[in-house]
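Participant: Pasting a structure here, questions to come.
There are 2 protein chains.
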Amino acid sequence: MSLLTVGTVAFDQIETPFGKEDKIVGGAATYISLAASYFAEKINLVSVVGDDFPVAELDYLKSKGIDLEGLQIKNGERSFFWAGRYHENMNQRDTLDTQLNVLADFDPVLPENYKDSDFVMLGNLTPSVQMRVIEQMNPRPKFVAMDTMNFWMDTALDSLLEVLKKIDALLINDDEARQLSGEYSLVKAAAKILKMGPKYLVIKKGEHGALLFYDDTIFFAPALPLAEVFDPTGAGDTFAGGFVGYLAPSGDLSFENMKRAVIFGSAMASFCVEKFGIRRLKEITQSDIKNRVSKFVQLVNFDAMV
Amino acid sequence: MSLLTVGTVAFDQIETPFGKEDKIVGGAATYISLAASYFAEKINLVSVVGDDFPVAELDYLKSKGIDLEGLQIKNGERSFFWAGRYHENMNQRDTLDTQLNVLADFDPVLPENYKDSDFVMLGNLTPSVQMRVIEQMNPRPKFVAMDTMNFWMDTALDSLLEVLKKIDALLINDDEARQLSGEYSLVKAAAKILKMGPKYLVIKKGEHGALLFYDDTIFFAPALPLAEVFDPTGAGDTFAGGFVGYLAPSGDLSFENMKRAVIFGSAMASFCVEKFGIRRLKEITQSDIKNRVSKFVQLVNFDAMV
């Protein structure tokens, strides 16, 4: 089934304890679609870049089966740019610079043949932009997942809450779940958030794994313990891309398949952090993914004998 | 097989966002032996209290099959006392008061019939006291596990490192593993610590679960997501008691059984935090434990189909 991805395609400047990259390709939609491309066959991308964006990078995305008809290229404008520095523990980062550029007045116009996409992954963006995408879909997609962040809870909570009513799955991190719900306990937070609209909630906890909530059921996917984390940028988007990308081909929305999707999302994220930017995501093979998922099985597998 | 537990038996004053208890029974050996009593039949306890310690509490421990011949009762002296206050997130706490009292000159003299205990769990204590216990054992126990804390790394690192050479398993939290190894990555930290002596390393991450390291193998046990955590005091000791208590009856030290022991330790810890002090540990039944372990199975169980 077809998958529509909406989000930023951008430049990042990243500094971690392991090094610095001045201007590399990033953006939520880049990570999402690239991760999804290992599973889904037809990926439609909606985003915007300036004419400073390298053609070679766009050609690379196309070569991965990502349709760029929905990517607007604004002549004479510059692409979205983000600069950040990670602390020693890699869990915290400081934003050094954010230049909206083309994103400032982004209107996500969907090409006609995108409107009946079966699966939608809304990357972190202004809630009103996310809503604009949902409104253009016809018929209503089989599955709509979205990401968001604290910033929109602070500045656009009402419109965020409207979007939440329209979606099937929300993917956010633990801090965001706490802020959105006003509950510290993630179990209580999930119960409240599931009443806001989404049927499924994934709470990402970075190096501490991810929780999938559905009704009264909880599934926990660990993060793979890694000796080195070079760059956490894009890990959450890569998780989302692996998650929704895994679901799209079969369209199987059973809880059993959702659990697998969370594991595949975690596996993809575990690759993402091994090198700067999307570099590692460009290298991996289906066999790498299969081996990585096997590691997740080994990591948590036990025979309780009770 | 018999299990020897060494650690504090004490009074705690605990303040959490949910309430305050002025003087309740606590101490590492209390939590360890109580948790272990659900699995192990013969538990030998070595500790020290003052004559202010309630006979009823000692009788209760005896009723759970815990042998108190090794518990020294010092006339005219007072029991160890700790007072602490937890922050809103329950992951941080401030120590408000520590009164060593009887612990100041504690000499852990083992009764003759304790010296051939098969399993030993050394609760967090001065490393030299832990060493004194090991030295009295004859023959060398089948399995020696220990807990320790940052304080001893700061103040008695050399003698701590000597104890590490004598043990089979070290159970510490993530901060402690990082301090002991000087490595932020827990994978790297574990590799270094396993070279210091222990064959097995359990890194406890509180609400984020626990990792078991052995050779190049890692097993991850999640923590059960809980709606309410009333009091985290003793959770780590309860984990240790469940872990070593589960191992003791069979004496099976295979990695498969170690994994189960980590899950049972996690299950016991998940009960501990549900009420103040040891209250919840006093209530639970074998059936509760079985049901709780089943929840851990459900929480992480998935069919990867790869």
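Chain order of the listed sequences is C and W.
Quick note, the first sequence lines up with residues 1 to 306 if you use my numbering.
Quick note, the second sequence lines up with residues 1001 to 1306 if you use my numbering.
Backbone N, C-alpha and C define an ideal beta-carbon position, used for all residues, glycine too.
1. According to DSSP, is Val1293(W) part of a helix, a strand, or is it coil?
2. Within a Cβ cutoff of 6 Å, which residues of the same chain sit near Leu71(C), ignoring the five residues on either side of it in sequence?
3. Please go through the stretch 1262-1286 of chain W and give each complete alpha helix (DSSP H) segment of 4 or more residues, from N-terminal end onward.
4. Ignore the nearest five residues each way along the sequence and tell me which others in Val1120(W)'s own chain have a CB closer than 6 Å to its CB.
5. Candidates Pro111(C), Ala210(C), Leu170(C), Tyr184(C): which alpha carbon is nearest Ile263(C)'s?
6. By the 10 Å Cβ neighbour count, where 16 or more other Cβ atoms means buried, how is Gly1277(W) classified, buried or exposed?
7. Excluding sequence positions up to five away, which residues of its chain have a Cβ less than 7 Å from the Cβ of Leu194(C)?
8. With 8 Å as the threshold, decide whether the Cβ of Ala1235(W) is near any Cβ in chain C.
9. Check each residue of the stretch 236-263 of chain C: if its Cβ is closer than 7 Å to any Cβ of chain W, include it; give the result in chain order.
10. Once you ignore the five residues that flank Arg1085(W) on each side, which residues in its own chain have a CB closer than 7 Å to its CB?
11. Would you tell me roughly how many angstroms separate the C-alpha atoms of Ile1024(W) and Ala1235(W), rounded to the nearest one?
12. I want to see whether chain W comes within less than 8 Å of Pro225(C), judged by CB atoms only; does it?
13. Checking contacts by CB at 8 Å: is Ala304(C) closer than that to chain W?
14. Using CA coordinates, which residue listed in Lys165(C), Asn257(C), Glu228(C) is at the minimum distance from Gly242(C)?
15. In angstroms, rounded to a whole number, what distance separates the CA positions of Ser79(C) and Ser1185(W)?
16. So what does Ala1190(W) bridge to, in DSSP terms?
17. Kindly identify the DSSP beta-bridge partner or partners of Gly1050(W).
18. Chain C beta carbons: is any one of them nearer than 8 Å to that of Phe1080(W)?
19. If I follow the unbroken alpha helix (DSSP H) through Ala1240(W), where does it start and stop?
20. Extract the residue ranges of the alpha helix (DSSP H) inside the stretch 103-148 of chain C, only unbroken runs of 4 or more that lie entirely within it.
21. What's the C-alpha gap between Asp1237(W) and Ala248(C)?
22. Between the stretch 158-171 of chain C and the stretch 123-138 of chain C, do three or more beta carbon pairs fall short of 8 Å?
23. Quick one: Cα of Lys1295(W) to Cα of Met149(C), how far?
24. What's the C-alpha gap between His87(C) and Leu1180(W)?
25. Roughly how many angstroms separate the alpha carbons of Val320(C) and Tyr1060(W), rounded to a whole number?
26. How should Gly1245(W) be labelled, buried or exposed, when 16 other C-beta atoms within 10 angstroms of its C-beta is the threshold for buried?
27. Going by DSSP, what residue range makes up the beta strand (DSSP E) through Lys1020(W)?
28. Just curious, the alpha helix (DSSP H) that Asn173(C) is in, first and last residue?
29. I think Asp147(C) touches Ala240(C), with their Cβ atoms under 8 Å apart; what is that distance to the nearest whole Å?
30. From which residue to which residue does the beta strand (DSSP E) around Leu1003(W) run?
31. Are there 16 or more other CB atoms within 10 angstroms of the CB of Asp104(C), so buried, or fewer, so exposed?
32. If you measure from the beta carbon of Leu201(C) to each beta carbon in chain W, is any gap under 8 Å?
33. Below 8 Å between beta carbons is the criterion; list the residues of the stretch 1202-1214 of chain W that meet it against any residue of chain C, in chain order.
34. Using a Cβ-Cβ distance cut-off of 8 Å, determine whether Lys188(C) contacts chain W.
35. By Cβ distance below 7 Å, which residues in the same chain neighbour Asp168(C) in space, the five residues on each side in sequence not counted?
36. Which partner residues of Ala221(C) appear in the DSSP bridge assignment?
Facilitator: Inspection of the coordinates gives the following:
1. Position 293 of the second sequence holds residue 1293(W). DSSP places Val1293(W) in helix when its eight states are reduced to three.
2. Counted from its first residue, the first sequence places residue 71(C) at position 71. Within the same chain, Leu71(C) has close Cβ partners Leu45, Ser47.
3. 1279-1283
4. Counting from one through the second sequence, the residue named residue 1120(W) turns up at place 120. Cβ neighbours of Val1120(W) beyond the five flanking positions: Leu1004, Pro1141, Val1144.
5. Mapped onto the first sequence, residue 263(C) falls at position 263. Here the closest residue by C-alpha is Ala210(C).
6. Position 277 of the second sequence holds residue 1277(W). When all chains shown are included, Gly1277(W) counts as buried.
7. On the first sequence, position 194 is the one that residue 194(C) refers to. Closer than 7 Å at Cβ, skipping near neighbours: Leu201, Phe213.
8. Residue numbering aside, residue 1235(W) sits at position 235 when the second sequence is read from its first letter. Not one chain C Cβ lies under 8 Å of Ala1235(W).
9. Glu256, Lys259, Arg260, Ile263
10. Walking along the second sequence from the start, residue 1085(W) turns up at place 85. Closer than 7 Å at Cβ, skipping near neighbours: Glu1015, Arg1093, Asp1094, Leu1096.
11. Along the second sequence, read from residue 1 onward, the residue named residue 1024(W) stands at position 24. Along the second sequence, read from residue 1 onward, the residue named residue 1235(W) stands at position 235. Answer to the nearest angstrom: the Cα atoms are 15 Å apart.
12. For this step, residue 225(C) is matched to residue 225 along the first sequence. Yes, its Cβ sits closer than 8 Å to a Cβ of chain W.
13. What you label residue 304(C) is simply residue 304 of the first sequence in a count that begins at 1. Yes, its Cβ sits closer than 8 Å to a Cβ of chain W.
14. As a working note, residue 242(C) is residue 242 in the first sequence. With distances taken between Cα atoms, Gly242(C) lies closest to Asn257(C).
15. Counted from its first residue, the first sequence places residue 79(C) at position 79. Counted from its first residue, the second sequence places residue 1185(W) at position 185. Cα to Cα, Ser79(C) sits roughly 35 Å from Ser1185(W).
16. Within the second sequence, the letter at position 190 stands for residue 1190(W). For Ala1190(W), which the question treats as bridged, DSSP gives no partner whatsoever.
17. As a position in the second sequence, residue 1050(W) is number 50, starting the count at 1. Bridge partners of Gly1050(W): Lys1074(W).
18. Residue mapping note: residue 1080(W) aligns to position 80 of the second sequence, counting from 1. Output row for Phe1080(W): interface = no.
19. The residue given as residue 1240(W) occupies position 240 in the second sequence. Where Ala1240(W) is concerned, the enclosing alpha helix (DSSP H) stretches over 1235-1250.
20. 127-136
21. Walking along the second sequence from the start, residue 1237(W) turns up at place 237. Walking along the first sequence from the start, residue 248(C) turns up at place 248. Using only the alpha carbons, I get a separation of about 45 Å.
22. yes
23. Counting from one through the second sequence, the residue named residue 1295(W) turns up at place 295. Counting from one through the first sequence, the residue named residue 149(C) turns up at place 149. Those two C-alpha atoms are separated by around 31 Å.
24. Here residue 87(C) refers to the residue found at position 87 when the first sequence is read from its first residue. Here residue 1180(W) refers to the residue found at position 180 when the second sequence is read from its first residue. Between His87(C) and Leu1180(W), the C-alpha separation is close to 21 Å.
25. Nothing about residue 320(C) can be read from this structure; chain C reaches only from 1 to 306.
26. For the purposes of this step, residue 1245(W) is taken as residue 245 along the second sequence, with counting starting at 1. Counting Cβ neighbours within 10 Å, Gly1245(W) comes out buried, since at least 16 surround it.
27. Counting from one through the second sequence, the residue named residue 1020(W) turns up at place 20. Run containing Lys1020(W): 1019-1026, per the beta strand (DSSP E) assignment.
28. Working through the first sequence from its first residue, we reach residue 173(C) at position 173. Where Asn173(C) is concerned, there is no enclosing alpha helix (DSSP H), although the beta strand (DSSP E) it sits in stretches over 169-173.
29. On the first sequence, residue 147(C) is found 147 positions in, with the first residue counted as 1. On the first sequence, residue 240(C) is found 240 positions in, with the first residue counted as 1. Asp147(C) to Ala240(C), Cβ: 6 Å. Contact.
30. To locate residue 1003(W), count along the second sequence from 1; it is residue 3. Note, Leu1003(W): beta strand (DSSP E), 1003-1006.
31. The residue given as residue 104(C) occupies position 104 in the first sequence. In the sequence as displayed, the identity of residue 104(C) is Ala instead of Asp. Result: exposed.
32. On the first sequence, position 201 is the one that residue 201(C) refers to. Not closer than 8 Å to any Cβ of chain W, the Cβ of Leu201(C) fails to qualify, so no.
33. Lys1205, His1208, Gly1209, Leu1211
34. Taking the first residue of the first sequence as 1, we reach residue 188(C) at position 188. Lys188(C) counts as touching chain W.
35. Residue 168(C) sits at position 168 when you count from the first residue of the first sequence. Around Asp168(C): Phe143, Val144, Ala145, Pro198, Lys199, Tyr200.
36. Sequence index remark: in the first sequence, residue 221(C) carries index 221 (1-based). According to DSSP, which records beta bridges pairwise, Ala221(C) is partnered with Ala210(C).
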